[in-house]
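First residue of the sequence shown: 26, per the numbering used here; consecutive thereafter. For each residue, glycine too, the CB sits at the ideal point set by N, CA and C.
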Amino acid sequence: MSKLKIVFMGTPDFSAEVLSALAAEHDVAAVVTGPDKPVGRGYTLTPSPLKVRATELGIPVLQFGKVSRDGLEAVAALKPDLGVTAAFGQILSDKFLSVFPEGVINVHASLLPKYRGASPIQWAVLNGDKETGVTIMRTVKEVDAGDILLQKRTPIGEKETAGTLFDRLAVLGGEALCEAVRLIESGEAVYTPQDASSATHCGMISKADGKIDFGKTAAELDCFVRGMTPWPSAWFDADGGRVKVFAVARADGSGAPGEVLAADAKSGLVVACGGGAVRLSVLQPAGKPRMSDTAYLAGHKIALGAVLS
């Protein structure tokens, strides 16, 4: 069995964790990621999490805004056998893909063809799915549409957030990728076309998407809050700013969606929703740490009958 020379491409923490697993078993010749970006009020140039991890592992890093256009020659000069993408965020041209004799494979955090696109982990939680997983498939020009090499499944916990699921799928993705590379190296890889008729798509999530719709049911709000945690966070407007919500629980009562049914030290902050009520049990006002709803109410008076939006 001959070892493949691999070029790994990605950006966020997910790809950094997958890289660590791959590099522990296989020959990663270089990492490709985007240019450092200005972050924070000081616009400090900051490397991607993948670049940070690759540097820690002693793996050479190449940075391109569009690797298919600007980095093709540099990558081809490495004479790689296999390319790997994991949350890379760049479309790869056919010419670039042809650089790799064994092709390019992608680590995607869903059970394809479900949740093709940018935010599969969050949408699995938002939609109340009971199961998700990772897929290793060929990278093609059409987003997440390549033939599948293998999949690994995992249940989604009842109280699991997108953040905790993200961490677990990164580990699972690393395991799946190492298994996939072993199959390719041994000549045992078998690819299965996706059923395009069953494909679903998920787009990018923005800060604005975190606004709570109290017309949802209690169960839907629980999924929404967990799916938006840790980013961009679920929120409602109060005191001239946004109050983030990190946990809700079913409560007794009914009223117009968003109507405050209780706001005291005994009951906490209880709000009517579609078909019932929820307690907003963990909150974070702007500029403050997370706190219980009772701690929040100690410093913020909310009138009964007020409507949160």
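Nearest-angstrom Cα separation, counted from residue j out to residue i
i: Ser123; j: Asp172; result: 16 angstroms
i: Leu132; j: Leu329; result: At residue 132 the sequence reads Val, which differs from the Leu that was named. In a straight line, the C-alpha of Val132 is about 49 angstroms away from that of Leu329.
i: Val165; j: Ala302; result: 46 angstroms
i: Leu107; j: Thr242; result: 47 angstroms
i: Val332; j: Gly265; result: 14 angstroms
i: Trp148; j: Cys227; result: 7 angstroms
i: Ala196; j: Pro255; result: Sequence inspection shows Val at residue 196; the Ala mentioned does not correspond to that position. If you take the alpha carbons of Val196 and Pro255, they lie about 18 angstroms apart.
i: Glu210; j: Gly158; result: 24 angstroms
i: Gly312; j: Glu127; result: 50 angstroms
i: Asp318; j: Gly278; result: 17 angstroms
i: Glu50; j: Ala214; result: 18 angstroms
i: Arg193; j: Pro314; result: 26 angstroms
i: Ala224; j: Ala170; result: 9 angstroms
i: Leu135; j: Ala297; result: One point to set straight first is that residue 135 is Ser, not Leu, in the sequence displayed. Cα to Cα, the separation comes out at about 33 angstroms.
i: Gly174; j: Val270; result: Reading off the sequence, residue 174 comes out as Leu, not Gly. For Leu174 and Val270, the distance between alpha carbons rounds to 39 angstroms.
i: Ser45; j: Leu29; result: 17 angstroms
i: Tyr216; j: Leu208; result: 11 angstroms
i: Thr80; j: Pro60; result: 14 angstroms
i: Asp234; j: Phe261; result: 11 angstroms
Identity of the residue in the options nearest residue i by Cα
i: Leu97; options: Phe125, Gly83 and Glu81; result: Phe125
i: Gln88; options: Lys139, Ser118 and Val32; result: Val32
i: Val168; options: Ala187, Trp148, Leu190 and Gln219; result: Gln219
i: Ala205; options: Ala143, Met229 and Gln176; result: Gln176
i: Glu284; options: Ala320, Arg275 and Ile327; result: Ile327
i: Leu151; options: Pro105, Ile230 and Leu208; result: Ile230
i: Asp95; options: Ala288, Phe121 and Asp289; result: Phe121
i: Gly188; options: Leu29, Met34 and Asp38; result: Asp38
i: Val56; options: Leu174, Thr69, Val100 and Arg163; result: Val100
i: Pro257; options: Arg275, Leu246, Lys232 and Val273; result: Lys232
i: Arg141; options: Ala221, Ser306 and His325; result: Ala221
i: Ser27; options: Leu305, Gly212, Tyr68 and Ala244; result: Gly212
i: Asp52; options: Lys184, Gly90 and Cys203; result: Cys203
i: Gln417; options: Gly90, Glu200 and Gly153; result: This structure does not reach residue 417, given that the chain is present from 26 up to 334, and the question cannot be answered.
Whether residue i touches residue j by CB criterion (7 angstroms)
i: Ile130; j: Ile161; result: yes
i: Gly299; j: Gly252; result: no
i: Gly280; j: Leu286; result: yes
i: Ile237; j: Ala263; result: no
i: Val250; j: Leu308; result: no
i: Leu103; j: Ala48; result: no
i: Val118; j: Ser93; result: Note that residue 118 corresponds to Ser in the displayed sequence, not to Val. Taking 7 angstroms as the Cβ cut-off, Ser118 and Ser93 qualify as a contacting pair.
i: Gly182; j: Val43; result: no
i: Val64; j: Thr58; result: no
i: Ala320; j: Val295; result: no
i: Gly35; j: Ala143; result: no
i: Glu156; j: Pro180; result: yes
i: Leu82; j: Ser40; result: no
i: Asp289; j: Val273; result: no
Residue span of the alpha helix (DSSP H) that contains residue i, given as start and end
i: Lys76; result: Pro74 to Leu82
i: Phe271; result: Run containing Phe271: none in the alpha helix (DSSP H); it sits in the beta strand (DSSP E), Gly266 to Ala276.
i: Thr36; result: Note, Thr36: premise wrong, no alpha helix (DSSP H); not H, not E.
i: Gly324; result: Asp318 to Gly324
Unbroken beta strand (DSSP E) run spanning residue i, endpoints
i: Arg304; result: Gly301 to Pro310
i: Asp52; result: Asp52 to Thr58
i: Ala287; result: Val285 to Asp289
i: Leu174; result: Ile173 to Pro180
i: Pro63; result: Lys62 to Val64
i: Thr186; result: Taken as a continuous stretch (DSSP letters only), Thr186 belongs to no beta strand (DSSP E), as it is neither H nor E.
Chain C contact for residue i (CB, 7 angstroms cutoff)
i: Gly293; result: The structure shown contains no chain C, having only a single protein chain.
- Completely contained alpha helix (DSSP H) runs for the stretch 188-258, where each covers 4 or more residues: 243-252
- Message: Report the start-end ranges of each alpha helix (DSSP H) in the stretch 75-155 that is 4 residues or longer and not cut off at the edges.
- Response: Listed in chain order, the complete alpha helix (DSSP H) runs (minimum 4 residues) inside the stretch 75-155 are 92-95, 97-102, 119-122 and 145-151.
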